[in-house]
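K.L.:
Submitted below is the structure of interest, expressed as structure tokens.
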Amino acid sequence: MPIELKLRDSARVALAISAAFPLSAYAVSAGHIDFAIGAVTALSTDGRTRPLSKGSDFAPGETISTGDGRCQMRFTDGAQVSLQPGTQYRIDEYRFNGKNDGEEKGFFSLIKGGFRTITGLVGKADKRAYKVTTSVATIGIRGTEFVVLDQNGVTVSTGEGSVEVCTSAGCIVLASGESAVVKDSSGTPLRVTNKGADTTSAKPSPPTVKIDYSKNDEGLAAITSALPSGPGYAMSMAGMRDGGESTFVRGHSSGTATFSNASELTKFVVDGGEGGSYSAKTIAGGFTDGLIGWGRWTLGHGVDVPSFGDHPLENTHYVVGKPTSSDDMTSLSLANKVGTYTLSGYTLPTSYQNSTGITTTGSSGITGSLSADFGSHSVDYNVNNISVGGATYGINGSASISGAQISGSGGSVSGGCCAGSARVEGFFVGANAVRAGLVYQFSDFGGTTKRISGAAVFTQQTQGTRPPVVY
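Residue numbers (this note's numbering): 31 to 501.
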């Protein structure tokens, strides 16, 4: 029986693919390659093979093979798929006309290998419009983040929400943080971590998102080189603490980071004279593009953090990476360089409602951009379509640059009822500041106060020199 991952709740967003050679004149593009490393190819239905690189389009009917390489695909509906080495991923059917008109469809097959995905608009209105087929089990997605590994059977792990795992022997529902192993299509899924999720013998209906992964150690997060544990990292966080009694936004320029095999940040020890540490207890999800990481802890703990103390943490969004060197930042400043950045990754935003103590997680992707004026040590940012807690917000503002660090308060907030100002913390990463990461937080004081937090990652698109001011 094929493995089908059925999408019950939509997840949106961010990572992607683009290719190098043009499609035939008769092919309709399904999306493009955001980046490709190594030998990545597309095999068409007529048997022709072409290489793919950053910017290349791909089409329905094509099979994308990574060989010893990797790639990230972005579909026209906003879906993002990251393919691991040794993967063959076929686009069986794909239709999207720019909106959910009842004609949209995304059917895919994982022939071998592994991937991780965040879904787009296809499947949002009609869950049956999106499926990914593999073998061994049927996986129905009720949440937003999950991983499937095809190694000596299939292992399914949930990051957020719940997942339904079915074979011909029956089904189990995995809650956030739980895992199950399926050895064959007729075997019963075996729960690895039991947190009280329900079980049922009924098969999921209706078949929605089918998403397959295999031979992947936590999906998209590992699509590029994993972030190695060690010193020399910067980290910024935004979230709740003390059971929702307080909010926090912190930025640290130097520390030692510990990562899981999936490049999820599990611990950060602050140095540079600041001291203190942050540790994850439950991880909702983590990602990396090989230079910068981002993710969210459902639960964590802060210890001996200055002006912070020892506190439990909830729904903590983070960005982490090795900051741009002081030499590079000085050179960019002296040369009056300016850079433009586009959004390349993010966490789904969370909203904490003070009166109920309930946290809501967004289910759709954000948009945004950033520009940096290194000569004037300033950044302008905007993050939009922050849909969470029954409202959609946008934030924009300016922040200052100090070293590689970014810090700003008083940003404008639109949407909601009575939103306050936004605060951001972050930093630049890589040679010549090719990446930027921000965490953000703001409040909506309408009716009952809501605290909204999230993280966003940006990739440099252009860099130039600011014209001198003429008096």
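We treat Cβ as the ideally placed atom computed from N, Cα and C, and that holds for glycine.
Keep in mind that this is a model prediction, so the values were computed, not measured.
Based on Cα-Cα distance, which residue from Val152, Gln490, Thr391 and Val413 lies nearest to Lys480?
P.N.:
Nearest option by C-alpha distance: Thr391.
K.L.:
By Cβ distance below 7 Å, which residues in the same chain neighbour Arg120 in space, the five residues on each side in sequence not counted?
P.N.:
These residues qualify, in order along the chain: Thr93, Phe138, Ser139 and Ile141.
K.L.:
Verify whether the separation of the beta carbon atoms of Val459 and Gly450 is less than 9 Å.
P.N.:
Contact: no.
K.L.:
Using DSSP bridges, identify the partner residues of Lys142.
P.N.:
In the DSSP output, where bridge partners are listed per residue, Lys142 has Gln118.
K.L.:
To the nearest angstrom, report how far apart Leu400 and Ile436 are at their CA atoms.
P.N.:
Using only the alpha carbons, I get a separation of about 12 Å.
K.L.:
Figure out for me which residue from Asn130, Arg125, Leu151 and Gly68 has the closest Cα to the Cα of Gly116.
P.N.:
Ranking the options by Cα distance to Gly116, first place goes to Gly68.
K.L.:
Let me make sure I understand the geometry here. Which of Ser355, Ala429 and Pro498 has the alpha-carbon closest to that of Val464?
P.N.:
Minimum Cα distance to Val464 is reached at Ser355.
K.L.:
With DSSP run on the structure shown, which of helix, strand or coil describes Ala27?
P.N.:
No information on residue 27 is available, as it lies outside the stretch 31 to 501 that the chain covers here.
K.L.:
Grab me the residues of Asp122's own chain with a C-beta within less than 7 Å of its C-beta, minus the 5 sequence neighbours each way, in chain order.
P.N.:
Taken in chain order, the residues that qualify are Phe137, Phe138 and Ser139.
K.L.:
Looking only at DSSP bridge pairs, what is Lys367 linked to?
P.N.:
Answer is Thr495, bridged to Lys367.
K.L.:
Just to confirm my understanding: we take Tyr411, look at its own chain, exclude 5 residues before and 5 after, and list those with CB closer than 6 Å. What are they?
P.N.:
So the list reads Leu400, once near-sequence residues are dropped.
K.L.:
Counting only the same chain and skipping the five closest in sequence on each side, list residues whose C-beta sits under 6 Å from that of Asp107.
P.N.:
Excluding positions up to five away in sequence, the list reads Phe126, Gly150, Leu151 and Val152.
K.L.:
Pick from Ser83, Asp403 and Ser59: whose alpha carbon is nearest that of Thr495?
P.N.:
Out of Ser83, Asp403 and Ser59, Asp403 has the C-alpha closest to the C-alpha of Thr495.
K.L.:
Can you name the start and end residues of the beta strand (DSSP E) that Lys297 belongs to?
P.N.:
Residues Leu295 to Val300.
K.L.:
Quick one: complete alpha helix (DSSP H) runs, 4+ long, within the region 350-433?
P.N.:
Qualifying alpha helix (DSSP H) stretches, in chain order: 356-364.
K.L.:
Count the other CB atoms within 10 Å of the CB of Val454; is the residue buried (16 or more) or exposed (fewer)?
P.N.:
Buried: at least 16 other Cβ atoms inside 10 Å.
K.L.:
Grab the span of the beta strand (DSSP E) containing Thr163 for me, first residue to last.
P.N.:
Note, Thr163: beta strand (DSSP E), Tyr160 to Thr163.
K.L.:
I'd like to check one pair, Ala434 with Pro353: are the Cβ atoms closer than 9 Å?
P.N.:
In contact: Pro353 and Ala434 (Cβ atoms closer than 9 Å).
K.L.:
Would you report the Cα separation of Ala89 and Asp98, rounded to the nearest angstrom?
P.N.:
Each residue's alpha carbon lies about 22 Å from the other.
K.L.:
Is the CB-CB distance between Val413 and Ile431 below 9 Å?
P.N.:
No.
K.L.:
For Glu123, list the residues DSSP reports as bridge partners.
P.N.:
The partner list for Glu123 (beta bridge, DSSP) reads Phe137.
K.L.:
Under 9 Å between the Cβ atoms of Ala485 and Gly467?
P.N.:
Yes, the Cβ-Cβ distance between Ala485 and Gly467 is below 9 Å.
K.L.:
Do Leu257 and Gly330 have their CB atoms nearer than 9 Å?
P.N.:
No. Outside cutoff.
K.L.:
Indicate the three-state DSSP secondary structure (helix, strand or coil) for Ser483 in the structure shown.
P.N.:
Here Ser483 sits in strand by DSSP.
K.L.:
Evaluate Ser361 with the Cβ neighbour count: other Cβ atoms within 10 Å of its Cβ, from every protein chain shown; 16 or more gives buried, anything less gives exposed.
P.N.:
Label assigned to Ser361: exposed.
K.L.:
Does Thr96 come out as helix, strand or coil in the three-state DSSP assignment?
P.N.:
Thr96 falls in the coil class under three-state DSSP.
K.L.:
Do Thr380 and Asn345 have their C-beta atoms within less than 9 Å of each other?
P.N.:
Going by C-beta atoms, Thr380 is nearer than 9 Å to Asn345.
K.L.:
Based on the DSSP output, what are the partners of Ser266 in its beta bridges?
P.N.:
Beta-bridge pairing links Ser266 to Gly281 and Val349.
K.L.:
Answer with buried or exposed for Thr478, where buried requires no fewer than 16 other C-beta atoms within 10 angstroms of its C-beta.
P.N.:
Exposed, since its Cβ has fewer than 16 Cβ neighbours within 10 Å.
K.L.:
Just the Cα atoms here: how many angstroms apart are Phe51 and Gly476?
P.N.:
Any reading at Phe51 must be qualified, since the residue scores a pLDDT of 43, below 50, and its modelled position is unreliable; no value is offered.
K.L.:
Val111 by DSSP, collapsed to three states: which one?
P.N.:
In the structure shown, Val111 sits in a strand (DSSP, three-state: E or B).
K.L.:
Please classify Thr149: does DSSP put it in a helix, a strand, or coil?
P.N.:
Thr149: coil per DSSP, three-state reduction.
K.L.:
Note down, in chain order, each residue of its chain lying with its Cβ closer than 6 Å to the Cβ of Thr492, except the 5 sequence neighbours on either side.
P.N.:
Cβ within range, chain order: Thr370.
K.L.:
Relative to the C-alpha of Ser439, which residue among Thr79, Ser86, Thr312 and Gly456 is closest?
P.N.:
The shortest C-alpha separation from Ser439 is found at Gly456.
K.L.:
I need the boundaries of the beta strand (DSSP E) containing Ala326, first residue and last residue.
P.N.:
It is Arg, not Ala, that sits at residue 326 in the sequence shown. First-last of the beta strand (DSSP E) with Arg326: Ile322 to Val335.
K.L.:
In whole angstroms, what separates the C-alpha of Thr318 from that of Ser293?
P.N.:
Approximately 7 Å between the Cα atoms of the pair.
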